[in-house]
Amino acid sequence: MSNQDMSTSIVAALANVQACFDYEAPLLAAVDAAEDEAALNAIKIETGWPCE
C-alpha cells in the first residue's frame with residue numbers, strides 16, 4: 004500500500020468515525036429526554052448508522 008493509499012484510507016476511516024459520532028449525538032439527546040420506558044423503546048438505535 005502506498006503512502007497516498009494509506010492516507011486516503013485513514014481519512015476515510017476518520018470521516019466514518021466522525022459520522023458515527025454525529026449520528027450518535029441526537030440519539031443521546033433523545034435518551035436523555037425520554038421520560039419513560041415507552042419513550043426509550045421508541046428511539047430507533049439499530050438503523051441509520053453511516054456504515055449501513
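Just so we're on the same page, the working numbering is the position in the sequence shown counted from 1, plus 3. Don't be surprised by glycine CBs; every beta carbon is placed ideally from N, CA and C.
Just the Cα atoms here: how many angstroms apart are residue i and residue j?
i     : j     : result
MET4  : ASN19 : 20 Å
ASN6  : ALA45 : 45 Å
LEU30 : THR50 : 11 Å
ALA33 : LEU43 : 8 Å
MET9  : GLN21 : 18 Å
VAL14 : PRO53 : 15 Å
Requested in this report: With a floor of 4 residues, list each alpha helix (DSSP H) that falls wholly inside the stretch 6 to 49, ordered by position along the chain.
Outcome: The qualifying runs are 6 to 36, 40 to 44.
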